[in-house]
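Counting in my numbering, the sequence shown runs from 1 upward without gaps.
Glycine included, every Cβ here is placed at the ideal spot set by N, Cα and C.
Just so you know, these numbers come straight off a predicted model, no measurement behind them.
Down below is the structure, laid out as structure tokens.
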Amino acid sequence: MIIDTPAPVRTGEQRLPDGRLLGWAEWGPDDGRPVLLSPGAATSRRLGFGADVLDGLGVRLISLDRPGLGASSPVPGRTLADFAADVRAFAGLRGLGRPAMVGNSQGAPFALACAAADGVIGALSLVSAADEVADPRFAEALPPELRRLVDLAVADPAAAEEVFAGFSPGAMWDLVMARSPACDVAVYSREPFASAYRTALDEAFAQGPAGYARDTVLAMGRWGIDLASITTPVALWYGAEDTAHSPDQGAGLASRIPGAVRHVVPGAGGSVLWTHAGEILRGLV
Numbered sequence: 001m002i003i004d005t006p007a008p009v010r011t012g013e014q015r016l017p018d019g020r021l022l023g024w025a026e027w028g029p030d031d032g033r034p035v036l037l038s039p040g041a042a043t044s045r046r047l048g049f050g051a052d053v054l055d056g057l058g059v060r061l062i063s064l065d066r067p068g069l070g071a072s073s074p075v076p077g078r079t080l081a082d083f084a085a086d087v088r089a090f091a092g093l094r095g096l097g098r099p100a101m102v103g104n105s106q107g108a109p110f111a112l113a114c115a116a117a118d119g120v121i122g123a124l125s126l127v128s129a130a131d132e133v134a135d136p137r138f139a140e141a142l143p144p145e146l147r148r149l150v151d152l153a154v155a156d157p158a159a160a161e162e163v164f165a166g167f168s169p170g171a172m173w174d175l176v177m178a179r180s181p182a183c184d185v186a187v188y189s190r191e192p193f194a195s196a197y198r199t200a201l202d203e204a205f206a207q208g209p210a211g212y213a214r215d216t217v218l219a220m221g222r223w224g225i226d227l228a229s230i231t232t233p234v235a236l237w238y239g240a241e242d243t244a245h246s247p248d249q250g251a252g253l254a255s256r257i258p259g260a261v262r263h264v265v266p267g268a269g270g271s272v273l274w275t276h277a278g279e280i281l282r283g284l285v
């Protein structure tokens with residue numbers, strides 16, 4: 001399977017009310033229905049998905065750099081709720097109304113914060129979503145190395161950020177390739193996807209590792225999101241071969257979100273965002 005990941009059709013930086021910049025990239029028709037993307041770990045706005053189906057669905061995909069990654073201004077000590085506030089401001093300034101949203105991998109808790117904030121987004125799909133691994137119910141399910149990092153993120157976030165600040169684009173690539181199932185490696189390592197992925201990694205670290213480090217501490221710690229209060233329609237998508245993002249492939253996460261619908265795709269892995277983009281977007285819009 002060859003998955004094309006073309007460069008964005010449009011890119012820019014939106015100035016927020018406090019003067020910071022929020023980097024964005026778009027694919028699809030500029031008058032299409034807006035769907036925001038909260039990208040996965042250590043990737044920038046430039047790695048989109050579903051470019052071959054956007055025109056047919058009338059979808060305008062808008063990927064956002066979180067603070068400190070890519071083209072977005074850094075915010076030391078930021079929270080998940082801060083990202084929801086940024087998305088609210090971004091949508092208002094660009095006249096997007098209540099856009100739909102996709103949260104991929106480590107971008108999922110940030111997207112969930114948007115769903116929990118009243119009036120920010122109208123629908124949400126979580127794809128290969130990072131789970132709240134600091135939840136005590138996962139205490140015995142995590143590998144010892146990951147368990148230690150999660151405990152550190154909860155007990156001493158600043159120390160955990162120092163650990164994650166040791167990562168680089170090359171280290172992230174090596175980690176993903178070493179820990180992914182064969183079905184994902186086949187996607188990630190094949191051109192033109194591999195070059196697009198590595199470019200997104202390089203751009204995410206353009207300002208240094210601090211943005212990625214803060215992202216990871218927030219995702220690995222306790223989220224502090226009232227999932228039971230979410231009224232936005234939520235769908236979860238996991239590949240059946242993906243065991244890296246959630247120990248139970250999102251079953252527990254889905255049970256905590258009222259009305260959430262969970263899909264497990266046979267034969268797919270963590271790359272399901274790209275291998276099943278059409279199904280995910282059609283279900284969302």
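Which partner residues does residue i have in the DSSP bridge list?
i, result
"T101", "For the record, residue 101 in the displayed sequence is Met; it is not Thr. In the DSSP output, where bridge partners are listed per residue, M101 has L36 and L124."
"L22", "Q14"
"A27", "Sequence check: residue 27 is Trp here, not Ala. Note: W27 sits in a beta bridge opposite L61."
Apart from the five residues just before and just after residue i, which ones in its own chain have a Cβ nearer than 7 Å to its Cβ?
i, result
"I2", "R190"
"R78", "P67 and R214"
Which residues bound the beta strand (DSSP E) around residue i?
i, result
"L61", "V59 to L64"
"L236", "V234 to G239"
Apart from the five residues on each side of it in sequence, which residues of its chain come closer than 6 Å, Cβ to Cβ, to residue i?
i, result
"D174", "none"
"T216", "F164"
"P233", "A123"
"A155", "none"
"L227", "R256 and I257"
"S38", "G103, G107, F110 and A111"
"L218", "L80"
With DSSP as the reference, label residue i as helix, strand or coil.
i, result
"R179", "helix"
"T199", "helix"
"T275", "helix"
"G267", "coil"
"L93", "helix"
"Q14", "strand"
"L47", "coil"
"V261", "strand"
"I280", "helix"
"D55", "helix"
"R88", "helix"
"V285", "coil"
"P6", "coil"
"F83", "helix"
"S72", "coil"
"A186", "helix"
Between which residues of its own chain and residue i is the CB-CB distance below 8 Å, once the five residues before and five after are set aside?
i, result
"V272", "V127, S128, W237, Y238, G239, D242, V265 and I280"
"T5", "L47, G48, F49, A51, P192, F193, A196, Y197 and W274"
"S229", "A116"
Starting from residue i, follow the alpha helix (DSSP H) in both directions and report where the run begins and ends.
i, result
"A219", "A210 to M220"
"A108", "A108 to A116"
"G252", "A251 to S255"
* Which runs of the alpha helix (DSSP H) fall wholly inside the region 138-172 and span at least 4 residues, in chain order? -> 144-155 and 157-164
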